[in-house]
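**Q**
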Amino acid sequence: MPAYQFTAIDASGKQQKGVLEGDSARQIRQQLRDKTWTPIAVEPVEQKDKHQQRSWFQKKFSAYDLALMTRQLSVLVAASIPLEEALRAVAKQNEKAHVQNLLLSVRSKVLEGHSLAQGMQQSGRFPDLYIATIAAGERSGHLDLILDQLSDYTENRFAMQKKIQGAMIYPIILLLMSFAIVMGLMTYVVPDIVKTFDQSKQALPWITVVLMKASDLIRHAWPFLLVISVVAIIAFIRFLKTTAGHYAFDRLTLRLPLFGKLSRGINSARFASTLSILTQSGVPLVDALKIGAAVSSNWVIRDAINIAAERVTEGGNLATQLERCGYFPPMMVQMIRSGEASGELDRMLKRASDMQDREVTTFISTLLALLEPLMLVFMAAIVLVIVIAVMLPIVNMNNMI
1 MPAYQFTAID
11 ASGKQQKGVL
21 EGDSARQIRQ
31 QLRDKTWTPI
41 AVEPVEQKDK
51 HQQRSWFQKK
61 FSAYDLALMT
71 RQLSVLVAAS
81 IPLEEALRAV
91 AKQNEKAHVQ
101 NLLLSVRSKV
111 LEGHSLAQGM
121 QQSGRFPDLY
131 IATIAAGERS
141 GHLDLILDQL
151 SDYTENRFAM
161 QKKIQGAMIY
171 PIILLLMSFA
181 IVMGLMTYVV
191 PDIVKTFDQS
201 KQALPWITVV
211 LMKASDLIRH
221 AWPFLLVISV
231 VAIIAFIRFL
241 KTTAGHYAFD
251 RLTLRLPLFG
261 KLSRGINSAR
271 FASTLSILTQ
281 SGVPLVDALK
291 IGAAVSSNWV
301 IRDAINIAAE
311 RVTEGGNLAT
321 QLERCGYFPP
331 MMVQMIRSGE
341 ASGELDRMLK
351 RASDMQDREV
361 TTFISTLLAL
371 LEPLMLVFMA
381 AIVLVIVIAV
391 MLPIVNMNNM
401 I
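So the sequence shown is numbered by the UniProt record's numbering: it starts at 1 and just counts up by one.
1) Determine, using beta carbons only, whether P257 comes closer than 8 angstroms to chain B.
2) Is it the case that the region 165 to 175 contacts the region 365 to 379, given that we only count it when at least three CB pairs across the two stretches are under 8 angstroms?
3) Three Cβ pairs or more, each shorter than 8 angstroms: is that satisfied between the region 296 to 313 and the region 148 to 166?
4) Taking the C-alpha atoms as reference points, what is the distance between N267 and L384?
5) Using DSSP with H/G/I as helix, E/B as strand and the rest coil, what is F328?
6) Less than 7 angstroms between C-beta atoms, sequence neighbours within five positions excluded: which residues of the same chain meet that for H246?
7) From K109 to K162, what does the alpha carbon distance come to, in whole angstroms?
8) Buried or exposed: which applies to M69, given that a residue is buried once 16 or more other Cβ atoms fall within 10 Å of its Cβ?
9) In terms of residues, what are the limits of the beta strand (DSSP E) holding E84?
10) Looking at the secondary structure, which residues open and close the alpha helix (DSSP H) in which P171 lies?
11) So does the region 272 to 282 actually touch the region 342 to 355, counting three or more Cβ pairs closer than 8 angstroms?
12) State buried or exposed for R125, treating a residue as buried only when at least 16 other CB atoms are found within 10 Å of its CB.
13) D128 and I291 - do their beta-carbons sit closer together than 8 angstroms?
14) Distance, Cα to Cα, A79 vs M120?
15) State the start and end residues of the unbroken alpha helix (DSSP H) segment that holds residue 406.
16) Taking DSSP as the reference, what is the three-state secondary structure of V377?
17) Tell me the DSSP secondary structure of Q15 in three-state form.
18) In angstroms, rounded to a whole number, what distance separates the CA positions of R351 and L252?
19) Here's a check: name, in chain order, each residue in its chain whose Cβ is nearer than 7 angstroms to the Cβ of R337, leaving out the five neighbours to either side.
20) Please list the terminal residues of the continuous alpha helix (DSSP H) segment that includes P257.
21) From the DSSP output, which residues share a beta bridge with E43?
22) Could you tell me which of W37, S62, F6 and V77 sits nearest to P44, measuring between CA atoms?
23) Distance check for F249 and T208, CA to CA, integer angstroms please.
24) Nearest by alpha-carbon distance to V42: which of S365, E95, Q30 and S229 is it?
25) Determine the extent of the alpha helix (DSSP H) in which H98 is found, giving its start and end residues.
26) Under three-state DSSP, which class holds T38?
27) Please check the pair A132 and V295, which I expect to be a contact at CB under 8 angstroms, by giving their CB distance rounded to whole angstroms.
28) Give the DSSP bridge partners of L20, in chain order.
29) Can you tell me whether DSSP reads I394 as helix, strand or coil?
30) Rounded to a whole number of angstroms, what is the C-alpha to C-alpha distance between L103 and L87?
31) Cα separation between V390 and I181?
32) Suppose the cutoff is 8 angstroms on Cβ atoms and the five residues either side in sequence are ignored; what does the same chain contact list for V333 look like?
So, in structure tokens, the structure goes:
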């Protein structure tokens, strides 16, 4: 039974919105009239979702929503509840209207005879990894087990994402405060102090001259500097959205000392986790490699994985091809080689993904721990330069006296 999203006016004159199931929009309007509501708009959920995908203000299907939905669906399917009933129950438990619409849209596809994976694919809102894993679970008849594994995967990804976001709050606040303090010094404090130097005829140190010119520039040209900064940021973002810009940025990231290692580590962990869950679900290795390449955030590494997948299709060894890429840790490559030799590739991929997750988490924690004192040192250095620029002329005047 398809789902419809409605907008109606209740008996008290208030506008009401929601989702109802019915055979047609006419039946939904009749249900609303039976409640003494006046229907204003009734639209199929699937059509509504397509309109939202074209909108600039589309509400995002977040990692939290995906993790919560997967866990709830896993529990209900494991309890032998029919799939369409499980989808409806999960939709009702979610408080976000766009998630409800999405789940009811998938449920309507399932009621029409499509598989769960096909319904999710037609919605266009689920990751390729998610769809391929569920399709493999439906083919093998172990959808409950696959959903349980997928729940662990999505929850771990969400936990890592929240950990990084939480750890970045303090450094970002510290950076903003540092910028505000420096701008305050350059705009209000420095001009008053160095005003006395203009009246004297002595030669000022070069660092004082530079500071005075920088202060004048900030005080008089700050609107232009603000506009230039905003235009530069917008131009950079648009450049990154182009194919050439994305590749250039990814190549630069891989060459940077710390960020290159971080990018390789994150993409290696994501690739190993994706390949592990797909091979355990029964997805063919070549298909799993293509999906693993698609979830990579670095396009250079993505192309390298696609080349490795083509070589594997031609009969090549997976570990050898990944080693030739040069983007994956030697330990991970060795574990994959051992898995291929012993016939336990899925188990070794699981161990490799766990190892990479731990290494990435440790590396990120170390970087964030170093970021706070580095920012304090950077701020102290700027303040020190300002103090030196102000004090040097005073010291010179005292020496002359």
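Every residue, glycine too, gets a C-beta built ideally from N, C-alpha and C.
**A** On the basis of the data shown:
1) No chain B is part of this structure, which consists of one protein chain only.
2) yes
3) no
4) 40 angstroms
5) coil
6) L240 and W299, listed in sequence order.
7) 33 angstroms
8) buried
9) Per DSSP, E84 belongs to no beta strand (DSSP E); it is in the alpha helix (DSSP H), L83 to Q93.
10) L143 to G184
11) Yes, since at least three Cβ pairs between the region 272 to 282 and the region 342 to 355 fall closer than 8 angstroms, the two stretches touch.
12) buried
13) yes
14) 22 angstroms
15) Residue 406 lies beyond the residue range present for the chain, which begins at 1 and ends at 401; the question has no answer from this structure.
16) helix
17) Note: Q15 maps to strand in three-state DSSP.
18) 30 angstroms
19) A319
20) P257 to Q280
21) Q5
22) F6
23) 37 angstroms
24) Nearest C-alpha to V42: Q30.
25) A97 to L111
26) Under the three-state reduction of DSSP, T38 is assigned to strand.
27) A132 to V295, Cβ: 10 angstroms. No contact.
28) Y4
29) Reduced to three states, the DSSP call for I394 is helix.
30) 6 angstroms
31) Per the coordinates, the alpha-carbon of V390 lies some 17 angstroms from the alpha-carbon of I181.
32) A319, L322 and E323
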